[in-house]
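Asker: This is the structure I have questions about; it appears just below.
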Amino acid sequence: MLDQNLKTQLAAYLEKLRVPIELVASLDDGEKSRELEALLGEIASLSDLITLRLDGDDARKPSFAIVRSGSDVAVRFAGIPLGHEFTSLVLALLQVGGHPSKESQELLEQAAALDGDFSFETYYSLSCQNCPDVVQALNLMAVLNPRIKHVAIDGALFQDEVERREVMAVPTVFLNGEVFDQGRMDLAQIVAKLDTNAGSRDADRIRARAPYDVLVVGGGPAGAAAAIYAARKGIRTGVAAERFGGQVLDTMGIENLIAIDHTEGPRLAAALDANVRANDVDVMNLQRATRLVPADEVGGLAEVQLANGASLFARTVILSTGARWRQMGVPGEEQYRNKGVAYCPHCDGPLFKGKRVAVIGGGNSGIEAAIDLAGIVAHVTVIEFADKLRADEVLQRKLRSLPNVEVVLNGQSTEVLGDGRKVTGLSYRDRVSGEDRQLDLDGIFVQIGLLPNTEWLADAIELSPRGEIVVDAHGRTSAHGVFAAGDATTVPYKQIVVALGAGATASLAAFDHLIRHPLPASADVPGEAAETA
Numbered sequence: 123m124l125d126q127n128l129k130t131q132l133a134a135y136l137e138k139l140r141v142p143i144e145l146v147a148s149l150d151d152g153e154k155s156r157e158l159e160a161l162l163g164e165i166a167s168l169s170d171l172i173t174l175r176l177d178g179d180d181a182r183k184p185s186f187a188i189v190r191s192g193s194d195v196a197v198r199f200a201g202i203p204l205g206h207e208f209t210s211l212v213l214a215l216l217q218v219g220g221h222p223s224k225e226s227q228e229l230l231e232q233a234a235a236l237d238g239d240f241s242f243e244t245y246y247s248l249s250c251q252n253c254p255d256v257v258q259a260l261n262l263m264a265v266l267n268p269r270i271k272h273v274a275i276d277g278a279l280f281q282d283e284v285e286r287r288e289v290m291a292v293p294t295v296f297l298n299g300e301v302f303d304q305g306r307m308d309l310a311q312i313v314a315k316l317d318t319n320a321g322s323r324d325a326d327r328i329r330a331r332a333p334y335d336v337l338v339v340g341g342g343p344a345g346a347a348a349a350i351y352a353a354r355k356g357i358r359t360g361v362a363a364e365r366f367g368g369q370v371l372d373t374m375g376i377e378n379l380i381a382i383d384h385t386e387g388p389r390l391a392a393a394l395d396a397n398v399r400a401n402d403v404d405v406m407n408l409q410r411a412t413r414l415v416p417a418d419e420v421g422g423l424a425e426v427q428l429a430n431g432a433s434l435f436a437r438t439v440i441l442s443t444g445a446r447w448r449q450m451g452v453p454g455e456e457q458y459r460n461k462g463v464a465y466c467p468h469c470d471g472p473l474f475k476g477k478r479v480a481v482i483g484g485g486n487s488g489i490e491a492a493i494d495l496a497g498i499v500a501h502v503t504v505i506e507f508a509d510k511l512r513a514d515e516v517l518q519r520k521l522r523s524l525p526n527v528e529v530v531l532n533g534q535s536t537e538v539l540g541d542g543r544k545v546t547g548l549s550y551r552d553r554v555s556g557e558d559r560q561l562d563l564d565g566i567f568v569q570i571g572l573l574p575n576t577e578w579l580a581d582a583i584e585l586s587p588r589g590e591i592v593v594d595a596h597g598r599t600s601a602h603g604v605f606a607a608g609d610a611t612t613v614p615y616k617q618i619v620v621a622l623g624a625g626a627t628a629s630l631a632a633f634d635h636l637i638r639h640p641l642p643a644s645a646d647v648p649g650e651a652a653e654t655a
């Protein structure tokens, strides 16, 4: 199942194994079981420290456990973890085999010290770019803590189980039989959710930080570029981000980033993270800003208040909080979110195999979603508010060639319908005739653009009628010492490459501001005696 190049790479990784491991397979007579047996056989042949056993008795077939020989350390996969999950498989092999994780020692110790019995089940799809972070984090926790168990389940392969447990979005994580969470999570987020004292400890650490020369709020491409440009000036730089990587983490294929033929969002986000940390930037992840208090005098300190109650202070602030998916804003949408209402066709599309779905939106993202879904589902209805599609003509031609796609123009969505547990349909109004119509559906994929994450800034700086931060050509906002960049601003064309350039521009402007406005001698510097990061 693995080509020779991949085998060679995997064999090199497996040289890092420190202790023997066993692959314990639970198989039946099906084709997928034969494929899994072949895959595990190939892996076992690449290292003398790996033994393959075919005597597993797990109820899910095909599945397999990776077990540290002579111990209770194990993780389990139900399905064949290729696609996006192949990296999860490789990491699981290495970590069960004793190779250390690159996560911070503090976070590893926090996971190992969690008190309680935790049995996790994660449903993923092989096309989901958000799922590997969750699978890898929970696998690592199972390796670190003997009271934590984890099985990663391919939802497309175990369709009956997915329907019985009403899993309609991936990743979906169950803890001890109950839904724990859905969507992308990393190790720090999961541990923080389980460790009830983590928030207060985190707030105390943040309060101890001395003021920054440049504080970047947001960790997407604009924030990363701003932080790197600031740090390279030799000034004290911090990043406070709700999730480092931002919306890039939700992007599947990226083919328009100059000098890079193709990459994927999570890979780009990881590269940005590594680049930022290599420049000695103080990165504070899982931090949601709730209020900005600009400096009360030119050259003074601005304050950024956080959801955990702590505050950060800085001579200049660069806002790069990005944007999020725009919602339809109709009755039923929130009730059936992740119960048939979805926003990521790559992630959740495989869960709707053979079913009827709608895509809301006729722009590039909507038509790309419809094209992708058409190869999986029984039928796709595209609903566009305007009287024509807005997508590029090349995409429209491809859409018109598909036999199981219908396009509705002048359609205004009015209500998401459901039976209390999941989506059953959509009501919409024909804007020409005024007639109300209804579609019987199993899923609705919303692709109608973005909203800037700026609500928390309304009383601090000037925002446009669309909620975007108003900036000039230098990235300056209406407040002294406050700059902004990326999708949250009025800069046109919300593209990764544009955000990177805007972040660099804002950072250079912030540095120029620092030169021209030195900190007044009388300034009150919170945490001045505190440890610097």
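Per the numbering used here, the sequence shown starts with residue 123, numbered consecutively.
Glycine residues also receive a C-beta, built at the ideal position from the N, C-alpha and C atoms.
Using 9 angstroms as the threshold, is the C-beta distance between V439 and V545 below it?
Answerer: No, Cβ-Cβ distance for V439 and V545 is not below 9 angstroms.
Asker: Assuming V481 contacts Q569 (C-beta within less than 8 angstroms), just tell me the rounded distance between them.
Answerer: 6 angstroms
Asker: Quick check on G625: buried or exposed, where buried means 16 or more other Cβ atoms within 10 Å of its Cβ?
Answerer: buried
Asker: Using a Cβ-Cβ cut-off of 6 angstroms (strictly less than) and excluding sequence neighbours within five positions of L622, which residues of its own chain qualify?
Answerer: P343 and A347
Asker: Using the C-alpha atoms, what's the distance from A291 back to L211?
Answerer: 22 angstroms
Asker: Who are the Cβ neighbours of S535 in its own chain at under 7 angstroms, not counting the five residues just before and after it?
Answerer: M450, V452, I482, I505, L548 and Y550
Asker: What are the boundary residues of the alpha helix (DSSP H) that includes T627?
Answerer: From DSSP, the alpha helix (DSSP H) with T627 extends over I618 to R638.
Asker: For my contact list, V361 and V405 are in at a C-beta cut-off of 8 angstroms; report their separation, rounded to the angstrom.
Answerer: 5 angstroms
Asker: If distances are taken between C-alpha atoms only, which option among D509, G368, L379 and I380 comes closest to N252?
Answerer: G368
Asker: Return the residue from the list G571, L561, G305 and Y245 that minimises the CA-CA distance to R448.
Answerer: G571
Asker: Kindly list the residues whose CB is nearer than 8 angstroms to the CB of E650, restricted to its own chain and excluding five residues on each side of it in sequence; keep chain order.
Answerer: With a pLDDT of 46 at E650, under the threshold of 50, the modelled position of this residue cannot be trusted; read the value that follows with caution. The answer, listed in chain order, is A332 and P333.
Asker: Are D335 and L636 touching if we call contact CB-CB under 9 angstroms?
Answerer: Yes, the pair counts as a contact, with Cβ atoms nearer than the cut-off.
Asker: How is the beta strand (DSSP E) around R446 delimited, first residue to last?
Answerer: A445 to W447 is the extent of the beta strand (DSSP E) around R446.
Asker: Within 10 angstroms of its Cβ, does R638 collect 16 or more other Cβ (buried), or is it exposed?
Answerer: exposed
Asker: Closest by CA to Y458, which one among A214, R365 and L563?
Answerer: L563
Asker: What would DSSP say about Y615, mapped onto helix, strand or coil?
Answerer: Coil.
Asker: Should Y351 be labelled buried (16 or more other beta-carbon atoms within 10 Å of its own) or exposed?
Answerer: buried
Asker: In three-state terms, what does DSSP make of L517?
Answerer: helix
Asker: If we ignore side chains and look at the alpha-carbon of each, how far apart do L279 and G201 end up?
Answerer: It is roughly 7 angstroms from the alpha-carbon of L279 to the alpha-carbon of G201.
Asker: Can you name the residues that DSSP bridges to V665?
Answerer: Here the chain comprises residues numbered 123 to 655, so residue 665 is not present and cannot be evaluated.
Asker: Three-state secondary structure (DSSP) at G305?
Answerer: coil
Asker: Within 10 angstroms of its Cβ, does E577 collect 16 or more other Cβ (buried), or is it exposed?
Answerer: exposed
Asker: So the beta strand (DSSP E) S549 belongs to, where does it begin and stop?
Answerer: V545 to D552
Asker: For V568, list the residues DSSP reports as bridge partners.
Answerer: I482
Asker: Do three or more CB pairs link the region 477-496 to the region 505-519 at distances below 8 angstroms?
Answerer: yes
Asker: Going by DSSP, which residues form a beta bridge with D402?
Answerer: Partner(s): none; D402 has no beta bridge.
Asker: Which of the three DSSP states is assigned to E653 in this structure?
Answerer: The predicted model places E653 with a pLDDT of 43, which falls under 50 and marks its position as unreliable; any figure quoted below should be read in that light. Correct three-state label for E653: coil.
Asker: Determine the contact status of K461 and R588, defining contact as a CB-CB distance below 9 angstroms.
Answerer: no
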